[in-house]
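*Asks:* Pasting a structure below so you can have a look.
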Amino acid sequence: MNLSLLILLPLVTALVILFCNGLKQVRVAALVGSVAQLAVSVRLLLLYQAERTAGNRSPMLFESKQEWFSNLHINYHIGVDGISIAMILLTASVVVAGILVSWTMDKLSKEFFFLLILLSMGAYGFFISLDLFTLFFFLEVAVIPKFLLIGIWGSGKKEYSAMKLALMLMGGSALVFVGLMGVYYQTGSFDLMQIANTPIPLDVQKFFFPFAFLGFGIFAALFPFHTWVPDGHASAPTAASMFLAGISMKLGGYGCLRVATYLMPDAAHAYSWIIILLATIAIIYGAFATMMQTDLKYINAYSSVSHCGFVILGIGMLTRTSINGAVLQMVSHGLMTALFFAAIGMIYSRTHTRMVEQLGGLLKVMPFISTVFVIAGLCSLGLPGFSGFVAEMTVFMGSWQNPDGWYRFATILACASIVVTAVYILRAAGKTVMGPMDDHYATLTDATWNEKLAAAILIVGIVLIGVAPFLINQLIMPGTDTIMMQVGKAITQK
Amino acid sequence: MVTEFFILLKQELVITAIIFLLLFLKLGKDRSNESILTIVNFLLFVNLAAGFFGSQEGTIFHDMFRTNSLIVIEKNILNLAFWLISLQSYAWLRTHKHVIEFYLLLLTSLLGMFFMISSGNLLMFYLGLEMSTIPLAAAANFDLAKRQSSEAAMKMIISSAFSSGLLLFGISLVYGVSGTLLFAEIPAHLSADPLHILAFILFFSGIAFKISAVPFHLWTADVYEGAPVAVTSFLSVVSKGAVLFVLVPILYKAFQPLAGTWYNVLFVLALVTIIIGNLFAIRQNNLKRFLAFSSIAQVGFILVGISASSAAGMASVVFFILVYVFSNLAAFGVISLVSALAGKENVSDYKGFYATNPFLSWVITIALFSLAGVPPTAGFFGKFFLLIAGAAKGNYWLIGIAALNMVVSFYYYLRVVKAIFMDSNEQPISRIAVPVAPRLSLYICVAGIILTGLASFVYDYIYSLSYGL
Numbered sequence: 013m014n015l016s017l018l019i020l021l022p023l024v025t026a027l028v029i030l031f032c033n034g035l036k037q038v039r040v041a042a043l044v045g046s047v048a049q050l051a052v053s054v055r056l057l058l059l060y061q062a063e064r065t066a067g068n069r070s071p072m073l074f075e076s077k078q079e080w081f082s083n084l085h086i087n088y089h090i091g092v093d094g095i096s097i098a099m100i101l102l103t104a105s106v107v108v109a110g111i112l113v114s115w116t117m118d119k120l121s122k123e124f125f126f127l128l129i130l131l132s133m134g135a136y137g138f139f140i141s142l143d144l145f146t147l148f149f150f151l152e153v154a155v156i157p158k159f160l161l162i163g164i165w166g167s168g169k170k171e172y173s174a175m176k177l178a179l180m181l182m183g184g185s186a187l188v189f190v191g192l193m194g195v196y197y198q199t200g201s202f203d204l205m206q207i208a209n210t211p212i213p214l215d216v217q218k219f220f221f222p223f224a225f226l227g228f229g230i231f232a233a234l235f236p237f238h239t240w241v242p243d244g245h246a247s248a249p250t251a252a253s254m255f256l257a258g259i260s261m262k263l264g265g266y267g268c269l270r271v272a273t274y275l276m277p278d279a280a281h282a283y284s285w286i287i288i289l290l291a292t293i294a295i296i297y298g299a300f301a302t303m304m305q306t307d308l309k310y311i312n313a314y315s316s317v318s319h320c321g322f323v324i325l326g327i328g329m330l331t332r333t334s335i336n337g338a339v340l341q342m343v344s345h346g347l348m349t350a351l352f353f354a355a356i357g358m359i360y361s362r363t364h365t366r367m368v369e370q371l372g373g374l375l376k377v378m379p380f381i382s383t384v385f386v387i388a389g390l391c392s393l394g395l396p397g398f399s400g401f402v403a404e405m406t407v408f409m410g411s412w413q414n415p416d417g418w419y420r421f422a423t424i425l426a427c428a429s430i431v432v433t434a435v436y437i438l439r440a441a442g443k444t445v446m447g448p449m450d451d452h453y454a455t456l457t458d459a460t461w462n463e464k465l466a467a468a469i470l471i472v473g474i475v476l477i478g479v480a481p482f483l484i485n486q487l488i489m490p491g492t493d494t495i496m497m498q499v500g501k502a503i504t505q506k
Numbered sequence: 307m308v309t310e311f312f313i314l315l316k317q318e319l320v321i322t323a324i325i326f327l328l329l330f331l332k333l334g335k336d337r338s339n340e341s342i343l344t345i346v347n348f349l350l351f352v353n354l355a356a357g358f359f360g361s362q363e364g365t366i367f368h369d370m371f372r373t374n375s376l377i378v379i380e381k382n383i384l385n386l387a388f389w390l391i392s393l394q395s396y397a398w399l400r401t402h403k404h405v406i407e408f409y410l411l412l413l414t415s416l417l418g419m420f421f422m423i424s425s426g427n428l429l430m431f432y433l434g435l436e437m438s439t440i441p442l443a444a445a446a447n448f449d450l451a452k453r454q455s456s457e458a459a460m461k462m463i464i465s466s467a468f469s470s471g472l473l474l475f476g477i478s479l480v481y482g483v484s485g486t487l488l489f490a491e492i493p494a495h496l497s498a499d500p501l502h503i504l505a506f507i508l509f510f511s512g513i514a515f516k517i518s519a520v521p522f523h524l525w526t527a528d529v530y531e532g533a534p535v536a537v538t539s540f541l542s543v544v545s546k547g548a549v550l551f552v553l554v555p556i557l558y559k560a561f562q563p564l565a566g567t568w569y570n571v572l573f574v575l576a577l578v579t580i581i582i583g584n585l586f587a588i589r590q591n592n593l594k595r596f597l598a599f600s601s602i603a604q605v606g607f608i609l610v611g612i613s614a615s616s617a618a619g620m621a622s623v624v625f626f627i628l629v630y631v632f633s634n635l636a637a638f639g640v641i642s643l644v645s646a647l648a649g650k651e652n653v654s655d656y657k658g659f660y661a662t663n664p665f666l667s668w669v670i671t672i673a674l675f676s677l678a679g680v681p682p683t684a685g686f687f688g689k690f691f692l693l694i695a696g697a698a699k700g701n702y703w704l705i706g707i708a709a710l711n712m713v714v715s716f717y718y719y720l721r722v723v724k725a726i727f728m729d730s731n732e733q734p735i736s737r738i739a740v741p742v743a744p745r746l747s748l749y750i751c752v753a754g755i756i757l758t759g760l761a762s763f764v765y766d767y768i769y770s771l772s773y774g775l
């Protein structure tokens, strides 16, 4: 399969959108394009499984490589393993759901859908890149659409949030850039697979690893650089919130894993205590900060900080299971937060408030939306049967495998945060969905077909992972093994 | 000999011919501005196209004048920039009383730059530089009714006279210690002797004035603000680009024995220039002043590329200037239209601009993103290549600070984008009917911004002609 299709399809969709007129044409074009993309992603998954069952053991499949700037050793090199495919499927589902949710976006609709598609193109390109230059290129492509989406269509202090998000993410990519330069001049290559086979001296790794990890970490809401997350998510329009939490933050986690840890495993070992410390702080701080929030979007945004902490924690623990868990958590969190934001958006568009204390008893008038909201909440607090449980459980198990006493202490602390999560989720869900209802909510209507469809797509993903985790485990395992081999090499060298 | 003369001086001769044609046009019967502008723009296009044919390498006038494929490319870049500027100033010049004089001045300046770029001798270099500077000061005064415009001209002539003084002092010291002015012969006589270093420092200070590197940048903002937009864009793109084009071979060849010294000078200057340019750009409200400071910061990045002293460095500098031509001229094109047709130049005037002028809004937004270095625009590739070349020296701190400064610059570029797209305004700039000529130039600029980076052959071609220390 030609992977360039994954970039070309959104590009064509975006161009078609430019030539459409009016909301009706634009949204149909966007939907057709994104559904086609989802179909391509599923086909990619099937082809990948077929290759693996046929016994293909190479770390990356469907590779293709073309010279781009040969003088600087820059290639257009793409390929996928299970981890990237999981991310691509996640992206494709969130994009379809996001477009369905914004079905009635009538303010500058052409620009809106164009930017959404452009953002998704950046994500697809990022996940299939095997060349650091291309990877960096796509990482930054995705920043500008976020800025415009929040700034133009957002609510509240949107300009401030948009600017903060754009600057922090740009700062992150500046750090990544320095890290890439270091790796490039040490190994003379931008090629991910080639660099992985070139040993980098420990002191060089120790110098450049923090740049790369912190840089990507900012994208993944690494404490203390998480401050763009609450403002950005809360101010963004619904679809953009879904994209931000569901896709964009995953760029960071994926980069931490694939670039920082995979290429500089020795430094990852050396610094793992800092990573774990920051991740644990993020998890606990995020959970407690969520308790104090009264705005539904802020609740979900802060809980995202906490949940993304698990991703970082899993990467920092550097065991096979924990890294597996980190990937699972990325997928699970992506689906779950997207669903959560979608539900919040649906509630907000009807009640025109996101304040928990002003809401109540919504189950009576909008049973579907309320159910979706509760499902997202339960997944978030890690109820068995949903993806959240599987992912967090895997991270905890993997973390416990790390024999160091302090790391186990951190694991226990992280585990304990689940109790806090349960408190704020149940409180918010209980107050919003149950209880007495304000009279002027009595006339509100339930979800329309497009909202139902959007929620259904995401719920299918959540439940599928929750009930049959072996499916996705099987998918990402070979990818994790490749990374673990690299990490293992680092341990045995010592 | 004679044919060689004609072939090597081809680009200069074409410009001279155009200058004479314009003089005859001036002497002839009165024509409307529109017809003059059409003729000039056509001639400039012919001039640009002619640059791509029948080029040869060689030297004449006893090595005073040299040319090669890279120099031809550089001149073509300047020709392109000048043609685009000419198209963009259509709306402004249409009602101007002295159209032909305007072109005479700028073409003479361009001719001077061509001689400067081709110079193989410091004397020729100085002649070209002066020939390019003096007409520009007159052109800066071309908003005849505005006091600010004469002020700009005055500031420019004084500061360039001063910088020329420094430059001449440096050149005479070089001559004193080496006994020659030929680039090819100077290196044999230079060493790290304090006097030689002094000569270089004086010489470089003069150059730093011309490219407005900090701390010699103070004239830039005032002149850019006061001069007509067309002259401002000429100053910031063509004039700066020309000096940078010639600076690279002078440093790499003539001052090659002092490479250690000039590397340190460039290093410090680059850092200071980037930081100061950025910090001042943040506070500007007038768009021309804003672009003046942002262009100072851009020069800092170019200095990082030059300091690499490798083929990759040289290629990235030439490539970046090409990209800069497209990006800066797209921005100036919009500003020039708005300034000529709505009379507004401030960032705050642009609030709500998108509601009334979506096309111009997107053009200036893409241009600003390219200046900020955001993919997929060519500006991203330009900055990336400059920094990647600079990093080859192992100065990761310099690269790190430069990269963080890109974030700072991102802030002030986004500020303009925010005004255009997000801020509401009771009375936005009303809808502007864009004439054909500026529209064409904006299309070319946007196409250039999107394609020059993604299409790798542009950079590869420039790289194949570049050389290192």
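Protein chains in written order, with the working numbering: chain A, 13 to 506; chain B, 307 to 775. A virtual CB, placed ideally from N, CA and C, is assigned to each residue, including glycine. Source: prediction; values computed, not measured.
1) Between the alpha carbons of Y314(A) and D243(A), how many angstroms are there, rounded?
2) So is F81(A) in contact with chain B if we call contact Cβ pairs under 7 Å?
3) What number of angstroms, rounded off, separates the C-alpha of A459(B) from the C-alpha of L442(B)?
4) Can you look up L73(A) in the DSSP assignment and give me helix, strand or coil?
5) For P681(B) and chain D, any beta-carbon pair shorter than 7 Å?
6) By the DSSP assignment, the alpha helix (DSSP H) with V323(A) in it spans what residues?
7) Leaving out five residues on either side along the sequence, give the residues of the same chain with a beta carbon under 6 Å from the beta carbon of L666(B).
8) Need the endpoints of the alpha helix (DSSP H) that N385(B) sits in, please.
9) Check this for me: beta carbons of Q61(A) and A104(A), under 7 Å apart or not?
10) Does any CB atom of chain B fall closer than 7 Å to the CB of M193(A)?
11) By the three-class DSSP mapping on this structure, what secondary structure does N14(A) have?
12) Under the three-state reduction of DSSP, which class applies to I580(B): helix, strand or coil?
13) DSSP puts G364(B) in a beta bridge; with which residues?
14) By the 9 Å beta-carbon criterion, what residues does the segment 227-244 of chain A contribute toward chain B?
15) Just curious, the beta strand (DSSP E) that G91(A) is in, first and last residue?
16) With 7 Å as the threshold, decide whether the Cβ of G168(A) is near any Cβ in chain B.
17) Report the rounded CA-to-CA distance for V475(A) versus F401(A), giving the unit in angstroms.
18) I want to see whether chain B comes within less than 7 Å of I156(A), judged by CB atoms only; does it?
19) Taking only the alpha-carbon atoms, compute the straight-line gap between P379(A) and D458(A) and give it to the nearest angstrom.
20) When every heavy atom of the ligand ZN is checked, does at least one fall within less than 6 Å of the C-beta of I287(A)?
21) Which of the three DSSP states, helix, strand or coil, is assigned to L488(B)?
22) May I have the straight-line CA-CA distance separating S96(A) from F31(A), to the nearest angstrom?
23) I'd like the list of long-range same chain contacts for K506(A), defined as Cβ closer than 6 Å, with 5 residues on each side in sequence excluded.
24) Given that a residue counts as buried once 16 or more other Cβ atoms are within 10 Å of its Cβ, and exposed if not, what is N584(B)?
25) Just to confirm the assignment, what range does the alpha helix (DSSP H) spanning K376(A) have?
26) Just verifying my parser: in three-state terms, what is the DSSP assignment at M304(A)?
27) Compare the Cα-Cα distances from S121(A) to each of S132(A), G34(A) and L73(A) and report the closest residue.
28) Counting only Cβ pairs nearer than 8 Å, list the residues of chain B close to G183(A).
29) Following the continuous alpha helix (DSSP H) through C427(A), name the residue where it begins and the one where it ends.
30) Taking Cβ positions, are A576(B) and G547(B) nearer each other than 7 Å?
31) F716(B) and L127(A) look like a contact to me (Cβ under 8 Å); what is the Cβ gap, rounded to whole Å?
32) Between the alpha carbons of S253(A) and K169(A), how many angstroms are there, rounded?
33) Sorted by chain position, which residues of the same chain lie with C-beta nearer than 7 Å to L413(B)'s C-beta, five sequence neighbours on each side aside?
34) If distances are taken between C-alpha atoms only, which option among L524(B), G700(B), T567(B) and S545(B) comes closest to I503(B)?
35) Report the three-state DSSP secondary structure of M497(A) (helix, strand or coil).
*Replies:* With the given structure in hand:
1) Start at 1 with the first residue of the first sequence, and residue 314(A) comes out as number 302. Start at 1 with the first residue of the first sequence, and residue 243(A) comes out as number 231. If you draw a straight line from the Cα of Y314(A) to the Cα of D243(A), it is about 10 Å long.
2) On the first sequence, position 69 is the one that residue 81(A) refers to. So, interface residue.
3) Walking along the second sequence from the start, residue 459(B) turns up at place 153. Walking along the second sequence from the start, residue 442(B) turns up at place 136. CA-to-CA, the gap between A459(B) and L442(B) works out to about 8 Å.
4) For the purposes of this step, residue 73(A) is taken as residue 61 along the first sequence, with counting starting at 1. In the structure shown, L73(A) sits in a strand (DSSP, three-state: E or B).
5) This model lacks chain D altogether, as its protein chains are A and B.
6) Here residue 323(A) refers to the residue found at position 311 when the first sequence is read from its first residue. In the DSSP annotation of this structure, the continuous segment of the alpha helix (DSSP H) that includes V323(A) starts and ends at L308 to M329.
7) As a position in the second sequence, residue 666(B) is number 360, starting the count at 1. So the list reads V640, once near-sequence residues are dropped.
8) As a position in the second sequence, residue 385(B) is number 79, starting the count at 1. From DSSP, the alpha helix (DSSP H) with N385(B) extends over S375 to Q394.
9) Sequence index remark: in the first sequence, residue 61(A) carries index 49 (1-based). Sequence index remark: in the first sequence, residue 104(A) carries index 92 (1-based). Taking 7 Å as the Cβ cut-off, Q61(A) and A104(A) do not qualify as a contacting pair.
10) Here residue 193(A) refers to the residue found at position 181 when the first sequence is read from its first residue. So yes, M193(A) belongs to the interface.
11) Within the first sequence, residue 14(A) is the residue found at index 2, counting from 1. Here N14(A) sits in coil by DSSP.
12) Locating residue 580(B) in the second sequence gives position 274, counting from the first residue. In the structure shown, I580(B) falls within a helical segment according to DSSP collapsed to helix, strand and coil.
13) Against the second sequence, residue 364(B) aligns to sequence position 58. Beta-bridge partners assigned by DSSP to G364(B): T373(B).
14) Listed by position along the chain: nothing, the set is empty.
15) Along the first sequence, read from residue 1 onward, the residue named residue 91(A) stands at position 79. Here the beta strand (DSSP E) through G91(A) covers I86 to V92.
16) Position 156 of the first sequence, counted from the start, is the residue given in the question as residue 168(A). It does not; no Cβ of chain B falls within 7 Å.
17) In the first sequence, residue 475(A) corresponds to position 463, counting from 1. In the first sequence, residue 401(A) corresponds to position 389, counting from 1. Taking the straight line from one Cα to the other gives about 11 Å.
18) Position 144 of the first sequence holds residue 156(A). Taking 7 Å as the CB threshold, I156(A) lines the interface with chain B.
19) Residue mapping note: residue 379(A) aligns to position 367 of the first sequence, counting from 1. Residue mapping note: residue 458(A) aligns to position 446 of the first sequence, counting from 1. Each residue's alpha carbon lies about 7 Å from the other.
20) For the structure depicted, the ligand ZN is absent and the ligand set is empty, with no information on it obtainable.
21) Here the question's residue 488(B) lines up with position 182 in the second sequence. Here DSSP, grouped into helix, strand and coil, assigns L488(B) to strand.
22) On the first sequence, residue 96(A) is found 84 positions in, with the first residue counted as 1. On the first sequence, residue 31(A) is found 19 positions in, with the first residue counted as 1. Taking the straight line from one Cα to the other gives about 32 Å.
23) By one-based count along the first sequence, residue 506(A) stands at place 494. At K506(A) the pLDDT is 47, less than 50, meaning the model places this residue with poor confidence and gives no usable figure here.
24) By one-based count along the second sequence, residue 584(B) stands at place 278. Label assigned to N584(B): buried.
25) On the first sequence, residue 376(A) is found 364 positions in, with the first residue counted as 1. Here the alpha helix (DSSP H) through K376(A) covers L374 to V377.
26) For the purposes of this step, residue 304(A) is taken as the residue at position 292 of the first sequence. In this structure, M304(A) counts as coil in the three-state DSSP scheme.
27) Here residue 121(A) refers to the residue found at position 109 of the first sequence. Ranked by Cα distance from S121(A), the first of S132(A), G34(A) and L73(A) is G34(A).
28) Along the first sequence, read from residue 1 onward, the residue named residue 183(A) stands at position 171. Around G183(A), the beta-carbon contacts reaching into chain B at under 8 Å are L710 and V713.
29) Translated into the one-based positions of the first sequence, residue 427(A) becomes position 415. For C427(A), the enclosing alpha helix (DSSP H) covers residues G417 to V445.
30) Looking up residue 576(B) in the second sequence gives position 270. Looking up residue 547(B) in the second sequence gives position 241. Not closer than 7 Å, so no.
31) The residue given as residue 716(B) occupies position 410 in the second sequence. The residue given as residue 127(A) occupies position 115 in the first sequence. The C-beta distance from F716(B) to L127(A) rounds to 18 Å, too long to meet the 8 Å contact threshold.
32) Taking the first sequence and counting its residues from 1, one reaches residue 253(A) at position 241. Taking the first sequence and counting its residues from 1, one reaches residue 169(A) at position 157. Taking the straight line from one Cα to the other gives about 15 Å.
33) Mapped onto the second sequence, residue 413(B) falls at position 107. Within the same chain, L413(B) has close Cβ partners I321, I324 and I325.
34) The residue you call residue 503(B) lines up with position 197 of the second sequence. Here the closest residue by C-alpha is T567(B).
35) In the first sequence, counting from the first residue as 1, residue 497(A) sits at position 485. Of the three classes helix, strand and coil, the one that applies to M497(A) here is helix, per DSSP.
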